[in-house]
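Asks: Dropping the structure in here first, questions after.
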Amino acid sequence: MSPPSLSSMARKEDGLNMENGTATYKTFPNWMGELPDRLRSESLKNIAIPGSHDSFSFFLDCQSPVASGSPDTVRNLVAVFGDAAKKIVHSWSVTQALNFKQQLDLGIRYFDFRISRCPGKEGFYFVHGLHGLRVSDCLREINDWLNEHPREVVIIDFNHLYCMQEKHSELISCVEEAFSSKLCPEMDLEAVTLNVLCDEGWQVITIYHHDETSVKHTNLWQGTRIHSVWPNTAEAPKMVNILNAHHTRGRPPDKFYVSQGVLTPTGTTILQHIGNNLKGVLAGPAIRNTKYFLQDKTIGPTGINIVIADFVEMEQYVEAVLALNSKE
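In this note's numbering, the protein residues as written are 58 to 385.
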């Protein structure tokens, strides 16, 4: 199986038309560069940024081993039922349909990464239930896109790192080789504005959740510089209540703040919808309820910052997040 190809996409005046003709959506490839100067002079933590959950999962290989970090129930299921179980794992582990370039064109500026070694292979691979694409190839794809969009910035959150042992330095080398001078050094977040980033040529903020490694590299941000609210529920009303409760409680200062507008399937969810998948059962309700959560919200030091979702092309999700930046 090969990853989705850009050749299967046709550009339209107001967006991209997927090959099956069923999904047309607006794209916002230059939204950061087009913000008014008052917002380009604001800290990046004070503007609304659309992100994707398990950003890499548009391609997961059913022929690969079960990934590190998978629950024992998944491992046991695959051990007993083999490839049939892997197909179920695949159906509920894929959370995106668009590849990185397509997500960037859409307006996504925060990527959520889970990375591991893959048995019998060199290098690093994305993982979510199963193994995905090689990380180094995808980083180069992101860099190529950034070369064509010099006023855009991405935040890459390396928040799950499995089976690394002493290999952190090797992964960091991949990051540095891909982005080089585009990497923004860790600094006071109040000073991190789009104008400053553009002036310095910094287009990538890399958050690396292994402090022993990140403290040794000035161009890595420690995991403590971001706070992420994961509702951990399959029930949409409960998701909204949790996001609202955390929002009311207030954001920690000097941190990026992520509101995860995602629904997480339980074993019961999967059994009740065994022939379906995450997109068909949970993605739509999650985005619609996330948009409901955002209706009365604003940006700023105590407001919305990063919002992430599954299947980010659905339900005008990106438009809903970006609309907060023009809300009075």
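Note that the Cβ used here is the ideal one computed from N, Cα and C, for glycine as well.
Could you please give me the residues that DSSP links to G108 through a beta bridge?
Replies: Looking at the DSSP assignment, G108 forms a beta bridge with Y167, I365.
Asks: What's the call for L33, buried or exposed, on a 16-neighbour Cβ count within 10 Å?
Replies: Here the chain covers residues 58 to 385 and nothing more, so residue 33 does not appear.
Asks: Looking at the structure shown, is Q279 part of a helix, part of a strand, or coil, going by DSSP?
Replies: Strand.
Asks: Using C-beta distances below 7 Å, list every residue in its chain close to P322, excluding the 5 sequence neighbours before and after it, in chain order.
Replies: Taken in chain order, the residues that qualify are W149, A291, L335, L339.
Asks: Using the beta-carbon count (16 or more within 10 Å), is E370 buried or exposed?
Replies: So E370 ends up on the buried side.
Asks: Please list the segments of the alpha helix (DSSP H) lying wholly inside the segment 93–147, counting only runs of 4 or more residues, in order along the chain.
Replies: Those alpha helix (DSSP H) runs which fall completely within the segment 93–147 and span 4+ residues are 94–97, 129–138.
Asks: For E372 versus I344, is the C-beta spacing smaller than 7 Å?
Replies: Yes, the pair counts as a contact, with Cβ atoms nearer than the cut-off.
Asks: Would you list the one or two residues that DSSP bridges to T263?
Replies: In DSSP, T263 forms a bridge with I213.
Asks: Could you pull out every residue in the same chain whose Cβ sits closer than 8 Å to the Cβ of S237, ignoring the five residues on either side in sequence?
Replies: There are no such residues.
Asks: What residue range does the beta strand (DSSP E) around Q317 cover?
Replies: 313–317 is the span of the beta strand (DSSP E), which, as asked, contains Q317.
Asks: Let me know the secondary structure DSSP gives F183 once reduced to three states.
Replies: Correct three-state label for F183: strand.
Asks: Under the rule that 16 or more other beta-carbon atoms within 10 Å means buried, what is N276, buried or exposed?
Replies: Per the 10 Å Cβ criterion, buried.
Asks: Quick one: grab the DSSP three-state call for H225.
Replies: In the structure shown, H225 sits in a helix (DSSP, three-state: H, G or I).
Asks: May I have the straight-line CA-CA distance separating A293 from R191, to the nearest angstrom?
Replies: Roughly 33 Å separates the two Cα atoms.
Asks: Count the other CB atoms within 10 Å of the CB of T152; is the residue buried (16 or more) or exposed (fewer)?
Replies: By the 10 Å Cβ count, T152 comes out buried.
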